[in-house]
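Asker: Protein chains in written order, with our numbering: chain A, 1246 to 1683; chain B, 1246 to 1683.
Every residue, glycine too, gets a C-beta built ideally from N, C-alpha and C.
Number of protein chains: 2
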Amino acid sequence: MKPVKVGICGLGTVGGGTFNVLTRNADEIARRAGRPIIVEQIGARRDNPDCDITGVSRTHDIFEVARNPEIDVLVELIGGYDVAYELVMEAIANGKHVVTANKALIAVHGNEIFRAAAEKGVMVAFEAAVAGGIPVIKSLREGLGANRIQWLAGIINGTGNFILSAMRDEGRSFDDVLAEAQALGYAEADPTFDIEGIDAAHKLTILASIAFGVPLQFDKAYTEGISRITAEDIEQADNLGYVIKHLGITRATGKGLELRVHPTLIPKERLLANVHGVKNAIEVMGDAVGPTLYYGAGAGAEPTASAVVADLLDVARDISTDHRYRVPYLAFSEVNQHGDTLPIMPMEDIETACYLRLQAVDRPGVLARVATILAEQGISIEAIIQKEATEGELVPIILLTHRARELHMNEAIRQLEALVDVAGSVVRIRVEDLDDNA
Amino acid sequence: MKPVKVGICGLGTVGGGTFNVLTRNADEIARRAGRPIIVEQIGARRDNPDCDITGVSRTHDIFEVARNPEIDVLVELIGGYDVAYELVMEAIANGKHVVTANKALIAVHGNEIFRAAAEKGVMVAFEAAVAGGIPVIKSLREGLGANRIQWLAGIINGTGNFILSAMRDEGRSFDDVLAEAQALGYAEADPTFDIEGIDAAHKLTILASIAFGVPLQFDKAYTEGISRITAEDIEQADNLGYVIKHLGITRATGKGLELRVHPTLIPKERLLANVHGVKNAIEVMGDAVGPTLYYGAGAGAEPTASAVVADLLDVARDISTDHRYRVPYLAFSEVNQHGDTLPIMPMEDIETACYLRLQAVDRPGVLARVATILAEQGISIEAIIQKEATEGELVPIILLTHRARELHMNEAIRQLEALVDVAGSVVRIRVEDLDDNA
């Protein structure tokens, strides 16, 4: 059968990995696809020392690949928003299918890209954009297609999980572990996207659209990073039976969709609490299937290439299909249908339990004043830990609350921080039990 | 768009669940499929009290469904080998696509069924046959399609996992927990298929074919049940840092394919060791992606229905496609290609570490005689636990060995059992470290 001809743009970590996997496993892939998948052209300015591209046509102008009439599928692996967007739109305009690992591109420009692709009748596949090699998009979009999805929660940034895992295992500080992660190549020189949750919010935005059939709405995601988590918070959480993970959470409620990334206490015995290091995992709750979980490598050359090539297999199979019969880009044939009934909720309307840590002067009545503020906001307390200290000195007070609305918790924290007995700001980390029926 | 018309045969637990999910989530499913999926006819002798089928055509003769010209897809949920086989072949002969949850049918008759289906150009989908609602077939067949699969190991029988979990958590005996599982409806009145590993071997046979592109060869699977596991073995394994799970394991080696179901010690910290109760999980090792894991409900009405309906979604999308472009039934377009180079290995050629427990008379020199027998078979010892006892009494000796060939271990066990100092038979449970690079 006629081979599928691929043009790879970008020959960095993922581009090199994709080329190597396509080459090394060519026979196996052809048997699965029913036809060979061959790299026809590579568009890249720099070489990749891990990658021998001898014999493959190579250009420094990636837009040449997008216009090459021999190419069936353009694989966009250059990253970033702007040039990648132009490249993908140019490829679509030229009738090429597109495979991309670019989460920022899909989260921010996906709605326009899918519109253009639908008009041209081409596929845009992006399994590698979320959780690297874990086939979570396929599982959610196709494997769980019978379900109304109720919620999903995921560890979808390996750098953040590596940092939190090492802080917990070794009692080290955030800055110390971040420096190690940068030395190991797990974190970028500018780690903002990873540690402030922006990368996770890109991925969560994509997962939410596929789970609930709503348009991509990255600008409405609530995003909070892990840079303020201390070794003490991790230890206190442990005392309470919890582990701190940086989760992306989306949930359908009667009022709309929750869409939020923040550090979260989860019970130690949950599988998600036992996902360590740079690994990723996503737990999905469906109304028919109940909870399912998908675990694996969320980044790296060949794990990400695994997802890119799986998308190429889908393209190879569907390439001769009338595009109306294909799996819809975002799982649902009309993603806007629930745009009105499932608005993204403002963070203030979301209810969670919280872990609070504050530094207070150890004076009679402090605890009563703290408890009164919480009670006035309708927030009830599940547990309090107060370390012993000499009277008059600063002592940490740890509180675990029951579920409360974010709006009320914000007000309580504002009032707590205004108390003369309380020094500095209150640490707040939200808690998710991940109960089957939550 | 024209609806897909489904005929459901069998209205038991899974049949009722499938009807209910298709009905309750009809809108969501139509949005995902791009067309409605409607139940046109039900073939069932008995009613299901959980299921209101008012308004749906119903027949007591399931073969009428297979011949009904209005039906596009026959859903086989009657179970068993014989009638199910005839029904599915009749449906295929009449040009109908088939969706089934029947692992025994696929493991035993799959090769013939797929041959007939390929000739007629129809789909046969069976996601529900393995691990209930977990989309592991789709993940392995499509999501990991870029990879050479190296091994997979799974907890693929919920009944067995429920029994082992309860024995471990509550220190109870096998017979005691089995009786409870039967009372709860987790185990059949005749629990042989579950506890002797036959059900797991059916599922493993299917997974191995999809992972490695070999024909279904259920008759070559090695199968060992959990009925001989004692509370003591579970406790001793715990002391050594292990949990006992009933695993299905398949692995590509230079000599062929391992294909085996047996109780297995696995390290406590592995995710698989933390899969409790009736839940299932499968860990898959691919050469590009590394380890990934899929977790969820392996049985039950709606979890299984979730997989049946996902298959119906695939059929609905592919129904107008030239069948040469579809995902192959067993993942590879030519499943026989490796039939010769990847034979299923005889159990005697497989190498594993082992946990051995024997009852010995506490006499000087016993341990030396035991160690000599192992040494003569080239088996080295990683750990020994010998409980204190009064001299001359029976005392358990626990041994953890390094990896050794099954053939040599069998001979060592034969010689150990022949020792006058050793009473009764030697308990042998294989050990798998599930290391990333194993």
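#1: Taking 8 Å as the CB-CB limit, is Pro1380 (chain B) close to chain A?
#2: What does the Cβ neighbour count give for Gly1355 (chain A), buried or exposed, with the cut at 16 atoms within 10 Å?
#3: Is any heavy atom of the ligand FAD found at a distance shorter than 7 Å from the C-beta of Ile1618 (chain A)?
#4: Ignore the nearest five residues each way along the sequence and tell me which others in Ser1410 (chain A)'s own chain have a CB closer than 8 Å to its CB.
#5: Exposed or buried, what is Val1671 (chain B) when buried is set at 16 or more other beta-carbons lying within 10 Å of its beta-carbon?
#6: Helix, strand or coil, according to DSSP, for Met1334 (chain A) in the structure here?
#7: Return the Cβ separation of Thr1498 (chain A) and Val1676 (chain A) in integer angstroms, given the expectation that the two are a contact with Cβ distance under 8 Å.
#8: Of the residues that make up the stretch 1263-1293 of chain A, which ones have a beta carbon closer than 7 Å to any beta carbon in chain B?
#9: Could you tell me which residues DSSP pairs with His1342 (chain B) in its beta bridges?
#10: Could you give the first and the last residue of the continuous beta strand (DSSP E) run that contains Ala1628 (chain A)?
#11: Take the Cβ of Lys1348 (chain A) as the centre, count every other Cβ of all protein chains shown within 10 Å, and call the residue buried at 16 or more, exposed below.
#12: Would Asp1444 (chain B) count as contacting chain A if we go by Cβ distances under 8 Å?
#13: Rank A:Met1530, A:Leu1429, A:Asp1556 by C-alpha distance to the C-alpha of His1342 (chain A) and give the top, closest one.
#14: Is the Cβ-Cβ distance between Lys1448 (chain B) and Ala1374 (chain B) less than 8 Å?
#15: Of all Cβ atoms in chain A, is any one closer than 8 Å to the Cβ of Thr1537 (chain B)?
#16: Using a Cβ-Cβ cutoff of less than 6 Å, which residues in the same chain neighbour Pro1281 (chain A) once the five nearest sequence positions on both sides are dropped?
#17: So the candidates are A:Asn1406, A:Glu1357, A:Gly1486; which of them puts its Cα closest to the Cα of Glu1441 (chain A)?
#18: Who pairs with Ser1302 (chain B) in a beta bridge, going by DSSP?
#19: Hey, Thr1646 (chain A) and Ile1379 (chain B) are a contact pair by Cβ (cut 8 Å); roughly how many whole angstroms apart?
#20: With 7 Å as the limit, tell me which residues of the stretch 1382-1393 of chain B have their beta carbon closer than that to any beta carbon of chain A; keep them in chain order.
#21: Straight-line CA distance for Ser1551 (chain A) to Asp1607 (chain B)?
#22: Which same chain residues, not among the five before or five after Asp1306 (chain B), have their C-beta less than 8 Å away from its C-beta?
#23: Unbroken alpha helix (DSSP H) runs of length 4 or more, entirely within the stretch 1410-1475 of chain A: which are they?
#24: Tell me the DSSP secondary structure of Val1640 (chain B) in three-state form.
#25: If you check the beta carbons only, do Arg1602 (chain A) and Gln1481 (chain A) fall under 8 Å apart?
#26: How many angstroms separate the CA atom of Ser1625 (chain A) from the CA atom of Val1301 (chain B)?
#27: Looking at the unbroken beta strand (DSSP E) that takes in Pro1508 (chain B), where does it start and where does it end?
#28: Measure the alpha-carbon distance for Met1412 (chain B) versus Glu1477 (chain A) and round it to whole angstroms.
#29: In or out: Asn1270 (chain B) buried (at least 16 other Cβ within 10 Å) or exposed?
#30: For Ile1479 (chain A), which residues from the same chain have a beta carbon less than 6 Å from its beta carbon, with the 5 sequence-adjacent residues on both sides left out?
#31: Using 8 Å as the limit for Cβ to Cβ distance, is Tyr1540 (chain A) near chain B?
#32: Can you give me the start and stop residues for the alpha helix (DSSP H) that Ile1351 (chain A) sits inside?
#33: Is Thr1404 (chain B) helix, strand or coil by DSSP?
#34: Which residues share a DSSP beta bridge with Asn1525 (chain B)?
#35: Which residues in the same chain as Gly1261 (chain B) place their Cβ atom closer than 7 Å to its Cβ, once the five residues preceding and following it in sequence are excluded?
#36: Enumerate in chain order the residues of its own chain whose CB-to-CB distance from Ile1298 (chain A) is below 7 Å, with the five nearest sequence positions on each side excluded.
Answerer: Working from what's here:
#1: yes
#2: buried
#3: With respect to the ligand FAD, the structure offers nothing, as it holds no ligand at all.
#4: His1521, Gly1522
#5: buried
#6: helix
#7: Going by Cβ atoms, the distance from Thr1498 (chain A) to Val1676 (chain A) rounds to 17 Å, so no, they are not a contact pair.
#8: Val1266, Asn1270, Glu1273, Ile1274, Arg1276, Arg1277, Gly1279
#9: Residue pairing by DSSP puts His1342 (chain B) in a beta bridge opposite B:Val1318.
#10: Ala1628 (chain A) -> beta strand (DSSP E) spans 1626-1631.
#11: Buried, because 16 or more other Cβ atoms sit within 10 Å of the Cβ of Lys1348 (chain A).
#12: no
#13: A:Asp1556
#14: yes
#15: yes
#16: Pro1248, Ala1275
#17: Checking every option, the nearest Cα to that of Glu1441 (chain A) belongs to A:Asn1406.
#18: Answer is B:Gln1286, bridged to Ser1302 (chain B).
#19: At roughly 35 Å, the Cβ-Cβ gap does not stay under 8 Å, so Thr1646 (chain A) and Ile1379 (chain B) are not in contact.
#20: Lys1383, Ser1384, Glu1387, Gly1388, Leu1389, Gly1390, Ala1391, Asn1392, Arg1393
#21: 56 Å
#22: Gly1288
#23: The qualifying runs are 1419-1429, 1437-1440, 1443-1457.
#24: strand
#25: yes
#26: 51 Å
#27: Looking at the DSSP string, the run of the beta strand (DSSP E) that includes Pro1508 (chain B) is 1501-1512.
#28: 37 Å
#29: buried
#30: Met1412, Arg1413, Ile1489
#31: yes
#32: 1348-1365
#33: helix
#34: B:Gly1541
#35: Asn1293, Asp1295, Cys1296, Ala1546
#36: Phe1264, Ile1287
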